[in-house]
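Each residue of the sequence shown is one higher than the last, beginning at 1 in full-length UniProt numbering.
C-beta atoms are modelled at their ideal positions from N, C-alpha and C, and glycine is treated no differently.
Quick caveat: nothing in here was measured; it's all calculated off a predicted structure.
Below you'll find the structure, written out as structure tokens, and then a few comments.
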Amino acid sequence: RHHRLPPAQVPALERDRWSWPHELRMRHADAWFLRCLKDKCFLNGLSEAVEKAMCEIPVWGAPRLEEWKLQKDQRGMQIFERQNRAAWRRKPRNEGGGEEGEEAEGEAAQDSPPAQRHPRTPLPTLRDSDR
Numbered sequence: 001r002h003h004r005l006p007p008a009q010v011p012a013l014e015r016d017r018w019s020w021p022h023e024l025r026m027r028h029a030d031a032w033f034l035r036c037l038k039d040k041c042f043l044n045g046l047s048e049a050v051e052k053a054m055c056e057i058p059v060w061g062a063p064r065l066e067e068w069k070l071q072k073d074q075r076g077m078q079i080f081e082r083q084n085r086a087a088w089r090r091k092p093r094n095e096g097g098g099e100e101g102e103e104a105e106g107e108a109a110q111d112s113p114p115a116q117r118h119p120r121t122p123l124p125t126l127r128d129s130d131r
């Protein structure tokens, strides 16, 4: 439920939420449930019959349906960008990076080879002579 917060902050948020009036807590719970339901419905798209029925609802109508689709697309793009974000790379000193170095921009950051993983050192094991 709280994927944006570090685990240590979740209990504080819950404690704070219980200090709210009952009506406000219920509204927040309802809004969260509707958002989860909405995301689940839009995960694979809606059938034409369902979309047509939703467009005929006078309270939301087609504008609200389009807004939901736009929000879903934006969240998907943000997740994609977050997963594919390049690591920060610094310019070498001989290319004008200076003492502290500056962030590489554009092609320079993409042309460098990917960082290589170092092999893990084996964990110490107990031998019969260690007893």
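Item	Value
For Asp39, the nearest candidate out of Phe80, Gly76 and Pro21 (CA to CA)	Gly76
DSSP state of Arg35 mapped onto helix, strand, coil	helix
Three-way DSSP call (helix, strand, coil) for Ile79 in this model	helix
Per-residue DSSP class, three states only, for Ser129	helix
Distance between beta carbons of Phe42 and Trp68, contact taken as under 8 Å	6 Å
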